[in-house]
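**Student:**
In the working numbering, the protein residues as written are 2 to 251.
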């Protein structure tokens with residue numbers, strides 16, 4: 002099924018409206034009742050619901066995590082909620098909730114969505130090809146991992162256009178406006194965090210359990226004192242090593 006420019010425009014408008022509604026509910030109700038929490042999540046599903054109502058069979062939503070980390074992979078999750086998706090209470094942008102809430106939502110989502118897959122691209126690939134090609138690779142692998150029976154009618158991506166898919170719609174801050182992108186943000190974050198926690202056992206001293214590979218002061222100090230591990234992105238860390246100044250990132 003073909004969806005033209007007008008459909009993309011309508012989806013973007015609906016996503017913006019949904020994001021604004023979700024924010025208003027968050028401010029006004031503080032999620033005091035289950036009904037209010039349900040309304041917030043239903044607002045996030047409005048964009049996808051319109052596309053399914055228009056005849057779409059498959060809508061894939063994508064988000065990534067780890068773009069700015071100094072160590073570890075960049076990760077992307079692809080999610081298909083499906084036309085009969087039942088809202089998961091508490092679903093929000095992964096950055097707006099605690100680690101414990103993310104983990105609980107990730108468990109609920111894996112049993113609730115039609116399909117999902119998380120793909121990781123390691124530091125070596127990032128150093129060789131750059132962060133944007135690594136992001137593109139992670140997104141493509143995430144979608145391929147869904148093993149769909151039908152080609153996606155629409156692919157909704159958080160952020161700026163990646164120009165990876167014919168039916169792509171990029172939605173700035175989509176993780177706070179579209180349910181599927183919010184779900185992808187949670188699944189990607191939880192999966193990547195788990196990898197970094199596990200990596201701490203092999204690469205001690207960098208504080209991966211707490212910083213997840215991002216550039217905290219303690220992490221940058223450890224890089225200066227210990228040098229780089231095999232999962233550090235050398236292209237991201239070189240100036241820290243050259244200057245010997247843990248405050249300098251790039």
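Idealized CB from N, CA, C, for every residue including glycine.
Considering only residues of the same chain and omitting the five flanking positions on each side of residue 242, which have a CB-CB separation below 6 Å?
**Tutor:** Within the same chain, residue 242 has no close Cβ partners at all.
**Student:** If you drop the 5 nearest sequence neighbours on each side, which residues of the same chain put their C-beta closer than 6 Å to that of residue 175?
**Tutor:** So the list reads 159, 182, once near-sequence residues are dropped.
**Student:** According to DSSP, is residue 155 part of a helix, a strand, or is it coil?
**Tutor:** Strand.
**Student:** Mind checking residue 199: buried by the 16 CB within 10 Å criterion, or exposed?
**Tutor:** Residue 199 comes out exposed.
**Student:** Is the beta carbon of residue 193 closer than 8 Å to that of residue 71?
**Tutor:** No. Outside cutoff.
**Student:** What distance in whole Å lies between the Cβ atoms of residue 143 and residue 120, which are believed to be in contact at a cut-off of 8 Å?
**Tutor:** Between residue 143 and residue 120 the Cβ distance is about 4 Å, and since that is below 8 Å, they are a contact.
**Student:** Given that a residue counts as buried once 16 or more other Cβ atoms are within 10 Å of its Cβ, and exposed if not, what is residue 80?
**Tutor:** Counting Cβ neighbours within 10 Å, residue 80 comes out buried, since at least 16 surround it.
**Student:** Return the chain-ordered list of same chain residues with a C-beta closer than 6 Å to the C-beta of residue 197, the five sequence neighbours on each side being excluded.
**Tutor:** If we look at residue 197 and ignore the five residues flanking it on each side, its Cβ neighbours are 73, 209, 213, 214.
**Student:** Indicate whether residue 89 and residue 59 have their beta-carbon atoms separated by less than 8 Å.
**Tutor:** Not a contact, by the Cβ cut-off of 8 Å.
**Student:** Residue 76 and residue 67 look like a contact to me (Cβ under 8 Å); what is the Cβ gap, rounded to whole Å?
**Tutor:** Residue 76 to residue 67, Cβ: 5 Å. Contact.
**Student:** Decide yes or no for the touch test of the segment 147-165 against the segment 43-59: beta carbon pairs closer than 8 Å, at least 3 of them.
**Tutor:** Yes: the two stretches touch, three or more of their Cβ pairs being nearer than 8 Å.
**Student:** List the endpoints of the continuous alpha helix (DSSP H) containing residue 49.
**Tutor:** That run of the alpha helix (DSSP H) goes 47-54.
**Student:** Where do the N-terminal and C-terminal ends of the alpha helix (DSSP H) with residue 123 fall, by residue?
**Tutor:** That residue, residue 123, is in no alpha helix (DSSP H); it is neither H nor E in DSSP.
**Student:** For the segment 180-230, which segments carrying the alpha helix (DSSP H) assignment without a break, of at least 4 residues, lie completely within its bounds, in sequence order?
**Tutor:** Counting only runs of 4 or more, we get 180-201, 209-212, 218-227.
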